[in-house]
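One structure is given here, and the rest of the page talks about it.
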Amino acid sequence: MDGKWFDDMEAKIPRGGVRTRFAPSPTGYMHVGGLRTALYAYLIAKKEGGTFILRIEDTDSARFVEGAAEGIFSSLRGASLEWDEGPLVGGPAAPYTQSERKELYRPYAELLCDSDKAYYCFCEHISHDERRADTQTVPAPVTSDPCRDLPRGEAVRRAADGGSHVIRMKAPREGTTSFRDEIFGVITVENASLDDMVLIKSDGMPTYNFANVVDDHLMGVTHVVRGSEYLSSAPKYNLLYDAFGWDIPVYITVPPIMRDKHNKLSKRHGDASYGDLLEQGYLPGAIVNYIALLGWSPGGERELFTLPELIEAFDIGGISKSPAIFDLEKLTYFNGSYIRSMTPGEFSAVAEPYIRRAVTSPDISVPEIAELLQPRCERLPEIPGKLGFIEQLPYYDLRLFEHKKSKCDASVALDMLLSALVVFQTAPDWSPDTIRSELTALADSLQVKNATLMWPVRIAVSGMEVTPGGAVEICRILGRYETLRRVGAAIERLSAEVSI
RNA sequence: GGCCCGUUGGUCAAGCGGUUAAGACGGCGGCCUCUCACGCCGCAAACAGGAGUUCGAUUCUCCUACGGGUCACCA
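Residue numbering for the first sequence follows our numbering, starting at 9 and increasing by one per position.
Here it is, written out as structure tokens:
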């Protein structure tokens, strides 16, 4: 490759403003930690009116999972993290999938070989496991002395003869390398501890480490957000940037999200992925809001933020260094809070399918039921379980009618229901207001507390100790006919028992 | 094991030399109330340990302990 080719590449690099990227490898589902990394990258870009890039890092064909990239696309979009450049939408640095950029990487590696900063290595590959088993306790950095010192001409000849090889970085063996991370500060390591990392694999594909650096440069990425598992690789990246003479991006290393004190959140251990959470009835907005706060704090007391509000509030100074444990209970609280903050119309619309699961009758009013449900549900899938009483005929366990706080027992219940039955028959209409005023007037005239009357009525029409809403609401929803029927049935049952 | 990083209530976390050490989830108690929720009020609950530096350390330094990351032709 001649100098002009490289000049052309440089000329195409998008410049200007903050440019961040999310660079997942398509090896499975979208996990919560990945989503948060994407979120932070998105927020950092948007905060400055910059560009959020999506890049697919599929350099390991062995680990490629069919459909995984599509899952990433839909998850990000579902979470409203729209990328400005990347697959599906294109952009000035296209393509954004590394397997489609394969030809780009080798010339850059060769460039380093030409300047004696990298070399062809013909050594036999020792697998990760073998290395571990072999070296037991003290694995040394991977280097290859014979190949490192092989004259360039000879190396090229061997390669031309079909010699299987990789291209390795020639890491310095003395001195130290430092890098600066916005979160962790300046970290310095001994060069002697650094590998001669592989840049180009024997199959011609670049390694993650190399492709990452080349692409970040070629795509004009200014801020690199990634998990702390990359912290110890960072010095090697700087070595590469230096070797090329490229500007080093701002590193923003985020702490991991844990399942418990010892383990990272992972699907392998049965932890929920982003998709699982959606299936469990968690709202994208609530998930995004919650995970934003895992490892980052806005500083104040506020916790509830919409995505635009997060953009406004986000500041990398608030990112924490230590791991955060994922707390499903708190996410559940957030979800309930999001549900409650919807308008009644919005909630009714999202709740309707779940309501329909429990209620088949076309006569019932979905908005009225939704109104009762909204403050009482934290996840939509809970809904059907709360509505069983509507179409299930109550079974009257007499003990249900006993409630000492309401001063009610079976005998009192019978009296109350007898009176209530008349009121229900004669009520001028079946509006909630009417039902309520009729019943409270009745309690008044009977000289009992509202509770003494309401308790048995609610039990009679629902057969349940716990219902979403009170007697008035339940009667209203069931309709006059069904209410009378159920109150009548309860009276029958009670009179059979109480008279004895 | 080497190297790097971290450590405030059970959990998320504020704090950036002087505070009665916020707030939230969860827990507990109460109010509201026809149940359950919602809402409101309150209670319990933390600076890992030890040396320094300083008039004064949760805040700065070092050591120890504990935890995490990493040590691949995986990302």
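Note that CB positions come from ideal geometry on N, CA and C, so glycine has one too.
Residue from the options with nearest C-alpha to residue i
i    : options                : result
V456 : T368, D423, Y104       : D423
I260 : L248, A242, D268, D66  : A242
R29  : G99, G86, G36          : G99
A19  : D66, Q106, L226, D405  : L226
V26  : G228, L202, L119       : G228
K178 : L408, K125, A70        : K125
R85  : I191, L315, G58        : L315
M9   : Y116, F72, S201, E287  : Y116
L96  : S107, F81, Q106        : F81
A167 : F187, S210, R139       : S210
I299 : L380, E309, K338       : K338
K55  : I64, E317, S123, H277  : E317
H39  : R276, E162, I372       : R276
D223 : G235, E108, D189, I175 : E108
A321 : S328, L312, K329       : L312
F334 : N297, L202, E379       : N297
E208 : G183, V174, L202       : It should be noted that the sequence gives Ile, not Glu, for residue 208. Of G183, V174, L202, the residue nearest in Cα terms is V174.
G79  : D255, S33, S123, L454  : S33
Neighbourhood of residue i by C-beta, 7 Å cutoff - its chain only, sequence neighbours within 5 removed
i    : result
Y403 : G471
G326 : W304, S305, P306, G307
V233 : T28, T45, Y48, A49, I52, I260, V262
R181 : N199, A200
F397 : S470, G471, M472, T475
V221 : Y245, L248, Y249
Y346 : L291, G293, A294
Assumed close pair residue i, residue j - CB separation to whole angstroms, cut-off 8 Å
i    : j    : result
V194 : T230 : That belief does not hold up - the Cβ atoms of V194 and T230 are roughly 19 Å apart, past 8 Å.
L425 : V495 : 5 Å
F187 : N246 : 5 Å
E446 : V431 : 5 Å
L291 : N343 : 6 Å
Extent of the continuous beta strand (DSSP E) run through residue i
i    : result
C129 : 126–129
T196 : 193–198
D189 : 184–189
R29  : 27–30
F60  : 59–62
I208 : 206–208
Own chain residues within Cβ distance below 6 Å of residue i, not counting five before or after
i    : result
T151 : D204
T460 : S414, K415, C416
L43  : Y282
G289 : R387, L388, P389
N217 : M205
R156 : Y127
R501 : Y404
V465 : A428, A479
Sequence-distant residues of the same chain with beta carbon closer than 8 Å to residue i, five excluded per side
i    : result
Q144 : Any reading at Q144 needs caution, since the residue's pLDDT is 48, under 50, leaving its predicted position unreliable; the model's value is listed next. Hits under 8 Å: none found.
V358 : M350, L388
R484 : E376, W438, S439, P440, I443
T59  : P22, G25, V26, R27, T28, A53, D92, E93
E505 : L406, A418
I391 : A359, Y362, I363, R365, A366, L381, C385
D66  : S33, P34, F72, A77, T105, Q106, S107
G41  : G235, P264, I265, K272, L273
T215 : T67, M205, V206, L207, I208, K209
Residue i - containing alpha helix (DSSP H), residue span
i    : result
L429 : 418–434
I52  : 40–55
Y238 : Premise fails: Y238 is in no alpha helix (DSSP H) and is neither H nor E.
M462 : 458–470
V495 : 479–506
F342 : 336–348
M177 : That residue, M177, is in no alpha helix (DSSP H); its beta strand (DSSP E) goes 174–177.
T151 : Here T151 belongs to no alpha helix (DSSP H), and DSSP marks it neither H nor E.
V164 : 160–168
G396 : 396–399
P440 : 440–454
Near the ligand GDP: residue i beta-carbon under 6 Å from a heavy atom
i    : result
V258 : Ligands displayed in this structure: none; no statement on the ligand GDP is therefore possible.
Handout entry: Complete alpha helix (DSSP H) runs within the segment 277–310 (minimum length 4 residues, chain order)
Key = 282–287, 292–300
Problem - Unbroken stretches of the beta strand (DSSP E), 3 residues or longer, contained in the segment 93–119 - result: none
Handout entry: Secondary structure, alpha helix (DSSP H): runs of 4+ residues fully inside the segment 214–259
Key = 216–226, 242–252
Problem - Complete alpha helix (DSSP H) runs within the segment 358–393 (minimum length 4 residues, chain order) - result: 374–381
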